[in-house]
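Quick notes on the structure that follows.
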Amino acid sequence: MTSTAPETQRGQDAGDPLGEQPTSWQRRLRRFGHVPRPETSLRDRLDPPWTRPGRQVWSVLAIPPHVADRLVRWSAWGGPLLVTLVAGLLRFWRLDQPNAVIFDETYYAKDAWALVNQGYEGSWPKDVDKLILKDPSSVPIPTDPGYVVHPPVGKWIIGFGEQLFGFTPFGWRFMVAVLGTISVLLLCRIGRRLFRSTFLGCLAGLLLAVDGLHFVMSRTALLDLIVMFFVLAAFGCLVVDRDRSRRRLADALPVDEEGVLRPDARIAETLRLGWRPWRLGAGVMLGLAFATKWNGLYVLAAFGLMTVLWDVGARRTAGAARPYMAVLRRDLVPAFFSTVPVAIVTYIVSWTGWIVTDKGYYRNWAATEGKGSSWSWLPDWLRSLWHYENQVYDFHVGLTSGHTYESNPWSWLVLGRPVSYFYEEQAGCKESSTGKCAAEVLAIGTPLLWWLACFALAYVVWRWLFRRDWRAGAIACGVAAGWVPWFFYQERTIFLFYAVVFVPFLCLAVTMLLGAIVGPAAGTGARADLGLTSKDPTGERRRTLGAIAAGVLVLLIIWNFIYFWPLYTGTPIPEDLWRDRMWLDTWV
Numbered sequence: 009m010t011s012t013a014p015e016t017q018r019g020q021d022a023g024d025p026l027g028e029q030p031t032s033w034q035r036r037l038r039r040f041g042h043v044p045r046p047e048t049s050l051r052d053r054l055d056p057p058w059t060r061p062g063r064q065v066w067s068v069l070a071i072p073p074h075v076a077d078r079l080v081r082w083s084a085w086g087g088p089l090l091v092t093l094v095a096g097l098l099r100f101w102r103l104d105q106p107n108a109v110i111f112d113e114t115y116y117a118k119d120a121w122a123l124v125n126q127g128y129e130g131s132w133p134k135d136v137d138k139l140i141l142k143d144p145s146s147v148p149i150p151t152d153p154g155y156v157v158h159p160p161v162g163k164w165i166i167g168f169g170e171q172l173f174g175f176t177p178f179g180w181r182f183m184v185a186v187l188g189t190i191s192v193l194l195l196c197r198i199g200r201r202l203f204r205s206t207f208l209g210c211l212a213g214l215l216l217a218v219d220g221l222h223f224v225m226s227r228t229a230l231l232d233l234i235v236m237f238f239v240l241a242a243f244g245c246l247v248v249d250r251d252r253s254r255r256r257l258a259d260a261l262p263v264d265e266e267g268v269l270r271p272d273a274r275i276a277e278t279l280r281l282g283w284r285p286w287r288l289g290a291g292v293m294l295g296l297a298f299a300t301k302w303n304g305l306y307v308l309a310a311f312g313l314m315t316v317l318w319d320v321g322a323r324r325t326a327g328a329a330r331p332y333m334a335v336l337r338r339d340l341v342p343a344f345f346s347t348v349p350v351a352i353v354t355y356i357v358s359w360t361g362w363i364v365t366d367k368g369y370y371r372n373w374a375a376t377e378g379k380g381s382s383w384s385w386l387p388d389w390l391r392s393l394w395h396y397e398n399q400v401y402d403f404h405v406g407l408t409s410g411h412t413y414e415s416n417p418w419s420w421l422v423l424g425r426p427v428s429y430f431y432e433e434q435a436g437c438k439e440s441s442t443g444k445c446a447a448e449v450l451a452i453g454t455p456l457l458w459w460l461a462c463f464a465l466a467y468v469v470w471r472w473l474f475r476r477d478w479r480a481g482a483i484a485c486g487v488a489a490g491w492v493p494w495f496f497y498q499e500r501t502i503f504l505f506y507a508v509v510f511v512p513f514l515c516l517a518v519t520m521l522l523g524a525i526v527g528p529a530a531g532t533g534a535r536a537d538l539g540l541t542s543k544d545p546t547g548e549r550r551r552t553l554g555a556i557a558a559g560v561l562v563l564l565i566i567w568n569f570i571y572f573w574p575l576y577t578g579t580p581i582p583e584d585l586w587r588d589r590m591w592l593d594t595w596v
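Heads up, the sequence shown is in this note's numbering, so the first residue is 9 and it goes up one at a time.
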């Protein structure tokens, strides 16, 4: 069985101690749980090994070692693909239901249809949704430009599904469901690389597959799931880049007569890490996130800082006496140009449809109202786009009109106020004491998963601060980048479903907590992390009890997802059963 214990890998984050002897601040922090770094080779600190599964399970199943090794190699992709298949079946099952334009699909589905057909969004007449559902071919695309307040990438993606399957609920939800399914595969692989464990990676993907908010957003033509996909893809690119750059640094260090890798200050401070295509890929992904909704810009800033600090940690581990100065000289400029300018160029290119036409909203502003400006030397399309962006920013920060389902970001983690996308009562329901059935699509996370995530986040922050675990810091960064910016706009009308951007990182946090509950496998380097030695007779008993506890939690989360399934899919149920699922008054 694959080990489920997250390993403490010293020297892998920017905050690692510099020396082998504990410093004064380390001694002070021991009262809060800080422990000295375990003895680990320099090679393992720079390029950690993958967790090797134990032989006990294979022995019980009478599987020969060579077959077991082949199964382990297969599981690296087979496990994530299996989890992804389950997620895809769930998300595509009756994707066209409810057969309605639900919540903000009334904006994005129509804007996407106009965008892919004429290059810019049109001004649709009111009350056209029913006509679209009845006979979309009878509804002409408006040629008058429409005022839209989000960049076009997400609508291009939605529109691609409409081009394939028509201007129908299935068509405008198709591509979002595809990205929602692929994001489960991404998280499995990211979690596997992050924790060096196929089992933990698949567990993280499974948790995402059964999260209610991610599930609902994967079946609805809104933009936030698309932002989440690109943010997660960018994070994955940066994790791969981190591994490859540290491996390159390790390969450049000297080896002594005994074949042991040794630190070298000169190499650690002067080595150029060369071409880093995965960091460039992250810049493109972050640009696409920003070109879907502007909150992707905050993620760009957070991830840019994170990857630079990773470089600091790598050079410090390799022996650099002044790692920050080394990164400033060797890595900072390439890191900047691989992310920020690439993201900006990606954003501008996403407006190509608007640029090449002369009918988009504000497209001709520079030649009319903006004529004679001191910036007239710039291309008209660029000045018009800049003016458009200014107007959109003013709209967003000034959006303070009340809404029934608005919520404060403080309440998101406890699911204080979910959003009802669709609700319909049906009379003549014999199974209900009220004679009514209720069909609802409620954008709410799986409650037990999210409430457990509150404890998991506390554990992650503790582990980052006091155990100096870079993985915990990366997870915390992903959550903070998607959540914290909304606290600066608390007067603005905001909703719980914006939180879908950081849902994958919540799943990673819960996975790390469950791994700690299970405990380390016998013989792993992580045993010192929990105060266990290889000769500790209680280690296996503690691991067995931990595995049972973690397994029960996972099963409860899956049960909770099944219990709320009718509220995620719009399945009609007796009103009594619907009320039983309203666990908090604020959910109604």
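Note that CB positions come from ideal geometry on N, CA and C, so glycine has one too. Note that this is a predicted model, so its numbers are computed, not measured.
Taking only the alpha-carbon atoms, compute the straight-line gap between residue i and residue j and give it to the nearest angstrom.
{"i": "residue 178", "j": "residue 137", "result": "15 Å"}
{"i": "residue 414", "j": "residue 502", "result": "5 Å"}
{"i": "residue 605", "j": "residue 225", "result": "As shown, the chain starts at 9 and ends at 596. That puts residue 605 outside it, with no answer to give."}
{"i": "residue 519", "j": "residue 212", "result": "6 Å"}
{"i": "residue 470", "j": "residue 87", "result": "30 Å"}
{"i": "residue 73", "j": "residue 231", "result": "48 Å"}
{"i": "residue 533", "j": "residue 48", "result": "Confidence at residue 533 is low in this model, with a pLDDT of 44, below 50, so the placement of that residue should be treated as unreliable; the coordinate-derived value is given next. Spanning the two alpha carbons is a distance of roughly 8 Å."}
{"i": "residue 16", "j": "residue 480", "result": "Confidence at residue 16 is low in this model, with a pLDDT of 39, below 50, so the placement of that residue should be treated as unreliable; the coordinate-derived value is given next. Their backbone Cα atoms lie some 10 Å apart in a straight line."}
{"i": "residue 375", "j": "residue 394", "result": "13 Å"}
{"i": "residue 103", "j": "residue 82", "result": "31 Å"}
{"i": "residue 176", "j": "residue 281", "result": "49 Å"}
{"i": "residue 254", "j": "residue 203", "result": "16 Å"}
{"i": "residue 172", "j": "residue 187", "result": "15 Å"}
{"i": "residue 430", "j": "residue 132", "result": "22 Å"}
{"i": "residue 78", "j": "residue 59", "result": "15 Å"}
{"i": "residue 383", "j": "residue 237", "result": "37 Å"}
Quick one: what's got a C-beta closer than 6 Å to residue i's C-beta in the same chain, skipping five residues either side?
{"i": "residue 122", "result": "129, 130 and 149"}
{"i": "residue 404", "result": "none"}
{"i": "residue 260", "result": "275 and 279"}
{"i": "residue 214", "result": "91"}
{"i": "residue 355", "result": "295, 298 and 299"}
Check for me: the alpha helix (DSSP H) holding residue i runs from which residue to which?
{"i": "residue 118", "result": "113-126"}
{"i": "residue 89", "result": "73-100"}
{"i": "residue 142", "result": "137-142"}
{"i": "residue 520", "result": "511-526"}
{"i": "residue 180", "result": "177-203"}
{"i": "residue 134", "result": "Careful: residue 134 lies outside any alpha helix (DSSP H) and carries neither H nor E."}
{"i": "residue 392", "result": "388-405"}
{"i": "residue 336", "result": "331-338"}
{"i": "residue 589", "result": "Residue 589 -> no alpha helix (DSSP H), and no H or E assigned at all."}
{"i": "residue 319", "result": "304-326"}
{"i": "residue 574", "result": "573-577"}
Measuring CA to CA, which of the options is closest to residue i?
{"i": "residue 57", "options": "251, 276 and 488", "result": "251"}
{"i": "residue 89", "options": "584, 192, 588 and 280", "result": "192"}
{"i": "residue 390", "options": "364, 232 and 78", "result": "364"}
{"i": "residue 247", "options": "483, 282 and 386", "result": "483"}
{"i": "residue 156", "options": "350, 85, 194 and 402", "result": "402"}
{"i": "residue 605", "options": "338, 258 and 237", "result": "Lying outside 9 to 596, the shown extent of the chain, residue 605 is not represented and no answer is given."}
{"i": "residue 452", "options": "281, 113 and 571", "result": "571"}
{"i": "residue 313", "options": "324, 340 and 378", "result": "340"}
{"i": "residue 432", "options": "181, 106, 145 and 98", "result": "106"}
{"i": "residue 498", "options": "582, 562, 528 and 409", "result": "409"}
{"i": "residue 420", "options": "70, 488, 472 and 430", "result": "488"}
{"i": "residue 491", "options": "59, 54 and 310", "result": "310"}
{"i": "residue 513", "options": "146, 209 and 50", "result": "209"}
{"i": "residue 398", "options": "292, 373 and 220", "result": "373"}
Along the chain, where does the beta strand (DSSP E) containing residue i start, and where does it finish?
{"i": "residue 427", "result": "427-435"}
{"i": "residue 379", "result": "First-last for residue 379: undefined, no H or E at that position."}
{"i": "residue 261", "result": "Segment: none, residue 261 is in no beta strand (DSSP E) and carries neither H nor E."}
{"i": "residue 448", "result": "444-451"}
Determine, using beta carbons only, whether residue i and residue j come nearer to each other than 8 Å.
{"i": "residue 163", "j": "residue 120", "result": "yes"}
{"i": "residue 184", "j": "residue 234", "result": "yes"}
{"i": "residue 347", "j": "residue 290", "result": "yes"}
{"i": "residue 229", "j": "residue 117", "result": "yes"}
{"i": "residue 423", "j": "residue 458", "result": "yes"}
{"i": "residue 271", "j": "residue 326", "result": "yes"}
{"i": "residue 371", "j": "residue 362", "result": "yes"}
{"i": "residue 486", "j": "residue 463", "result": "no"}
Quick one: residues in its chain with C-beta nearer than 7 Å to the C-beta of residue i, no 5 flanking neighbours on either side, listed in chain order?
{"i": "residue 3", "result": "The structure shown does not extend to residue 3, since the chain is modelled only from 9 through 596, so no value can be given for it."}
{"i": "residue 358", "result": "159, 160, 161 and 299"}
Take residue i and list the residues in its own chain whose beta-carbon comes closer than 8 Å to its own, dropping the five residues that flank it on each side.
{"i": "residue 315", "result": "246, 249, 250, 287, 290, 343 and 347"}
{"i": "residue 493", "result": "303 and 306"}
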